[in-house]
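Reading through the structure tokens given below for one structure.
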Amino acid sequence: MSILNKSKRLKKELKLFDVYAISTGAMFSSGFFLLPGLAAAQTGPSVVLAYFVAGILILPAMFSVAELSTAMPRAGGAYYFIDRSLGPLFGTVGGIGSWLALIFKSAFALIGMGAYISIFIEVPITPVAVALTIAFGITNIVGAKESSWLQNVMVATLVSILFFYVFQGAFAVIDVDFFDVLRSEFTPFFEFGPQGFFATIGFVFVSYAGLTKVASVSEEVQNPDRNIPLGMMLSLGTATFIYVVGVFIMVMVLEPSALQEDLTPVATAGEVFLTWLPGQTGLILVVIAAIAAFASTANAGIMSAARYPLAMARDDLIPTYFSKLGRFGTPTIATVATTILMIFLLVVFNVESVAKLASAFQLLLFGILNISVIVMRESKIEAYDPGFKSPWYPWMQIAGFFICLFLIAEMGLLSVIFTFAIAAVSVAWYFSYSKGNVEREGAIYHVHARLGKYQHEGLEREMRGIMREKGLRKDDPYEKAIGRSAVFDFKESPPIEEIIEKVCSELSKRVSYTKSELVDLFENDYKDGIIPVGNSSALQHIRVDDDIDTEVALVRLQEGIEMDREEFENVSDEEKKDGKIHSIIYLISSKKKSGQHLRIIAHLAEMIDSIDFYERWMSAEDEGQIREILLRDERFINITLRKNDITASMIDKEVKDLELPGESLITLIKRNGNIIFPHGKSVLKENDELSIIGDKNDIKEMKNMLNL
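Under my numbering, the first residue of the sequence shown is numbered 20, with each subsequent residue one higher.
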């Protein structure tokens, strides 16, 4: 496979509701429609509290996955995070184990539909499950957007019916005898003692495990910094509310012995308080919700599971053809393999028993993911730049790790043996196939580097690449920095030392450093700080201790400087154009904003890498056009104030008195060849050239106002 095909990225088509639907759909199936009765048999009425506590205990895993997903939005989720933090051996274990566990869970969800479908009609469960598996597999091959649309419909149907169900149930149990019934049904509360209660927490904890499955499709999520953590939080809130209130209603309306033996407790309880609906409407609604729940779990499971072989194949841990994207831009071979294995399990195995055993492996993964956050943070890799950071670090992660160990112990010896069996098979695969194909190591080596060991530089490059793909954050001052940047346009190229002298002379007026101090910083950092970025361009950047605004200087060298320095020896002939540097961008910012500094560098590189950058740069007629090349056109405008046009109303006014659209900002005034950085009381004059930045809608409004 070519490098191009291997590195091809999945389309970013998933929005906030898609994230919510995948997370929510992956949780509601057996956890609500089958397990309440079985869980009540272990602890009695305290099953309600067990569901609530389990929802709290999932928080460390949720926060950790949200942080890792916003820092490294890549297909493969848990596999990718574990691989990049702990190395390919652990990654192989996490990838294969996650794939198998998720397939078992998805197959079990389709089998679980049978208990509810059989309320109305006897059907051959396995053939129906196989047919649905094929249908969902095809949908996932056609596209993530189409699959997520189906997921959205199923989850919207499911959540609507369940909210209707719990509100109707709540009204039914709140009557004049409420406290008497409450006292009767919830006494004794811990029917089988503390041991039964804690065992039940572990039993129902897996009901929330689907919450983190969205991480495996994080590469396809638009604005992952916002949509992944917010979608997961909304999903957890929905699930916890429905689980706790729904199970409370079941305990209130059903006899303890009946509930503890019931495999369809939602339907049985619904028959008690939905009798006001005509005929069997209430029961039909419950069955529709159950079918939607099991189907959405299976669909989300196939979508998520297929991303594990895709990600592992990209990293050469399994054959590379699994990373191939089909004509619809989806991992076709990985999806087909996932679907075939799922059909095989449905036909050959007792899926229910194996799925329960696979839950222990899921808990182990949660524990490792908490460790992964600690490793990534302590590696001090600057390009590790999560858009969401877990609160209460590292205590949240430490607690999450030990919670998972405790819950695994509560699941019994057979589950532990099954978990170790999957790990052993994965380790055997790594040493027999994968080890010779990979050279990278995880972020754990960066932690070792702080202890005198070595680190893997390839990971830092990969993290910088991810940062570049993610782009700027809303509050990054990129437009402001470029809009007020110092511009130097040399027709004949002076020595690099003279360029640095001129740049530092101008920048010293803007920061609390003298020209000589800046010259020393740039010259000392020259070899490490300059970055060749193609298109005959280079970046040189420094960071200072003081908390300063980001400042930029743009240098155009019309004649160019020869690219004969060793730092450019790896630049391709195509990137060298005429073999010279024609643009150097100098950047200075605070060490206190290292993430922001790296994001701005990454975005500058992205802008310079555009196809027409070199031609536009060389043909720019003035400073304004030079700045504009590095700005997103829809967020920037240059205007000149003249008495004979619509801008006349702005002349002789103070900046603070101008009514600019939205949050538009004048970043720079050029007057008689001099640069002025405006403040509120700056008075505008005729022939002033203004550089204005703002939101694209604000700039569009301003252009309409000025008839531009």
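A virtual CB, placed ideally from N, CA and C, is assigned to each residue, including glycine. From a predicted model like this one, the values you see are computed outputs, not experimental measurements.
Beta carbon of E708, beta carbon of I670: below 9 Å? Along the sequence shown, one-based indexing puts residue 708 at 689. Along the sequence shown, one-based indexing puts residue 670 at 651. In this structure, I670 does not lie closer than 9 Å to E708 by Cβ.
Do L29 and P243 have their C-beta atoms within less than 9 Å of each other? Working through the sequence shown from its first residue, we reach residue 29 at position 10. Working through the sequence shown from its first residue, we reach residue 243 at position 224. No, these two residues do not count as a Cβ contact at 9 Å.
Proximal residues to I140 (C-beta, below 7 Å), its chain only, five neighbours per side dropped: Along the sequence shown, read from residue 1 onward, the residue named residue 140 stands at position 121. Counting only Cβ-Cβ distances below 7 Å, and skipping sequence neighbours, we find nothing.
Can you tell me which residues form a DSSP beta bridge with H560? For the purposes of this step, residue 560 is taken as residue 541 along the sequence shown, with counting starting at 1. Answer is L606.
Taking Cβ positions only, does M81 come closer than 9 Å to chain D? Protein chain content of the structure displayed is limited to a single chain, and chain D is not contained in it.
I need the DSSP call for F507, collapsed to helix, strand or coil. Within the sequence shown, the letter at position 488 stands for residue 507. If DSSP states are grouped into helix, strand and coil, F507 belongs with the strands.
C-alpha distance - A94 paired with S378, whole-angstrom precision: Residue numbering aside, residue 94 sits at position 75 when the sequence shown is read from its first letter. Residue numbering aside, residue 378 sits at position 359 when the sequence shown is read from its first letter. Taking the straight line joining both Cα atoms gives about 22 Å.
Below 8 Å on the Cβ atoms is my guess for L540 versus I645; work out the distance and round it to an integer in Å. The residue you call residue 540 lines up with position 521 of the sequence shown. The residue you call residue 645 lines up with position 626 of the sequence shown. Wrong, their Cβ atoms sit about 24 Å apart, outside the cutoff.
Which whole-angstrom value describes the C-beta separation of L105 and V394, a residue pair presumed to lie in contact below a C-beta threshold of 8 Å? As a first step, residue 105 must be located in the sequence shown, where it is residue number 86. As a first step, residue 394 must be located in the sequence shown, where it is residue number 375. Going by Cβ atoms, the distance from L105 to V394 rounds to 6 Å, so yes, they are a contact pair.
Out of curiosity, what's the CA-to-CA distance linking I160 and S710? Start at 1 with the first residue of the sequence shown, and residue 160 comes out as number 141. Start at 1 with the first residue of the sequence shown, and residue 710 comes out as number 691. If I take the Cα positions, the gap works out to 48 Å.
Considering Cα atoms alone, identify which of I307, P248 and A462 is closest to A402. Sequence index remark: in the sequence shown, residue 402 carries index 383 (1-based). Here the closest residue by C-alpha is A462.
List the residues that DSSP assigns as beta-bridge partners of K611. One-based indexing of the sequence shown puts residue 611 at position 592. Paired residues: none, contrary to the question.
Would you kindly check if the distance between the Cβ of T666 and the Cβ of L725 is under 9 Å? Position 706 of the sequence shown, counted from the first residue, corresponds to residue 725. Position 647 of the sequence shown, counted from the first residue, corresponds to residue 666. Closer than 9 Å, so yes.
Kindly provide the ranges of any alpha helix (DSSP H) runs that are 4 or more residues long and lie completely inside the segment 258–323, ordered along the chain. Whole alpha helix (DSSP H) segments, 4+ residues: 275–279 and 284–292.
Contact defined as beta carbons within less than 8 Å: I believe G431 pairs with G386. What is the distance between those atoms, to the nearest angstrom? Position 412 of the sequence shown, counted from the first residue, corresponds to residue 431. Position 367 of the sequence shown, counted from the first residue, corresponds to residue 386. 17 Å between Cβ atoms; not a contact.
Assumed close pair P64, E204 - CB separation to whole angstroms, cut-off 8 Å: Locating residue 64 in the sequence shown gives position 45, where the first residue counts as 1. Locating residue 204 in the sequence shown gives position 185, where the first residue counts as 1. Correct: roughly 6 Å between the Cβ atoms.
Put R654 into one of helix, strand or coil per three-state DSSP. Looking up residue 654 in the sequence shown gives position 635. DSSP places R654 within a helical segment (H, G or I) once states are collapsed to three.
With C-beta atoms as the reference, is A228 less than 9 Å away from K399? Numbered from 1 along the sequence shown, position 209 holds the residue referred to as residue 228. Numbered from 1 along the sequence shown, position 380 holds the residue referred to as residue 399. No.
Would you kindly check if the distance between the Cβ of L255 and the Cβ of G74 is under 9 Å? In the sequence shown, counting from the first residue as 1, residue 74 sits at position 55. In the sequence shown, counting from the first residue as 1, residue 255 sits at position 236. The answer is yes: Cβ separation under 9 Å.
With a threshold of 8 Å, are at least 3 pairs of Cβ atoms found where one atom belongs to the segment 246–254 and the other to the segment 33–49? yes
Determine the burial state of S83: buried for a count of at least 16 other Cβ atoms within 10 Å of its Cβ, exposed for fewer. Along the sequence shown, read from residue 1 onward, the residue named residue 83 stands at position 64. Looking at its Cβ environment, which holds 16 or more other Cβ atoms inside 10 Å, S83 is buried.
At the level of alpha carbons, what is the spacing between N543 and S226? As a first step, residue 543 is located in the sequence shown; it is residue number 524 there, counting from the start. As a first step, residue 226 is located in the sequence shown; it is residue number 207 there, counting from the start. One C-alpha to the other measures close to 56 Å.
Coarse secondary structure for A715, derived from DSSP in three states: Here residue 715 corresponds to residue number 696 of the sequence shown, with the count starting at 1. Per the sequence shown, residue 715 should be read as Lys rather than Ala. Helix, per DSSP.
Does the distance from the C-beta atom of K17 to that of S555 stay below 9 Å? There is simply no residue 17 to check, as the chain begins at 20 and stops at 727 in what is shown.
Local Cβ density within 10 Å of E640, reported as buried at 16 or more and exposed below that: Translated into positions along the sequence shown, residue 640 becomes position 621. Around the beta-carbon of E640, fewer than 16 other beta-carbon atoms lie within 10 Å, marking it exposed.
Hey, how far is the Cα of F632 from the Cα of P551? Translated into positions along the sequence shown, residue 632 becomes position 613. Translated into positions along the sequence shown, residue 551 becomes position 532. Going from the Cα of F632 to the Cα of P551 covers about 15 Å.
Opposite R690 in the DSSP bridges: which residues? By one-based count along the sequence shown, residue 690 stands at place 671. For R690, which the question treats as bridged, DSSP gives the partners N693.
Do the segment 409–419 and the segment 126–137 touch if we need at least three Cβ pairs shorter than 8 Å? These segments do not touch.
Measure the alpha-carbon distance for I561 versus T569 and round it to whole angstroms. Counted from its first residue, the sequence shown places residue 561 at position 542. Counted from its first residue, the sequence shown places residue 569 at position 550. Rounded to whole angstroms, I561 to T569 spans 10 Å at the Cα level.
Segment limits, beta strand (DSSP E) that includes Q416: As a first step, residue 416 must be located in the sequence shown, where it is residue number 397. Taken as a continuous stretch (DSSP letters only), Q416 belongs to no beta strand (DSSP E), being part of the alpha helix (DSSP H) at W414 to E429.
Would A309 and T283 be called neighbours here (beta carbons separated by less than 9 Å)? One-based indexing of the sequence shown puts residue 309 at position 290. One-based indexing of the sequence shown puts residue 283 at position 264. Yes. Within cutoff.
In angstroms, rounded to a whole number, what distance separates the CA positions of Y412 and R346? As a working mapping, residue 412 is identified with position 393 in the sequence shown. As a working mapping, residue 346 is identified with position 327 in the sequence shown. If I take the Cα positions, the gap works out to 43 Å.
Runs of alpha helix (DSSP H) lying entirely within the segment 150–228, each at least 4 residues, in chain order: Along the segment 150–228, the alpha helix (DSSP H) occurs as fully enclosed runs of 4 or more residues at 163–192, 197–204 and 212–224, listed in sequence order.
Alpha carbon of Q19 to alpha carbon of I427, nearest angstrom: Any question about residue 19 goes unanswered here, given that the chain covers just 20 to 727.
Determine the direct distance from the alpha carbon of F209 to that of L382, and round the result to whole angstroms. Counted from its first residue, the sequence shown places residue 382 at position 363. Counted from its first residue, the sequence shown places residue 209 at position 190. If you take the alpha carbons of L382 and F209, they lie about 25 Å apart.
I'd like the list of long-range same chain contacts for A258, defined as Cβ closer than 6 Å, with 5 residues on each side in sequence excluded. Your numbering for residue 258 matches position 239 in the sequence shown. The answer, listed in chain order, is M46.
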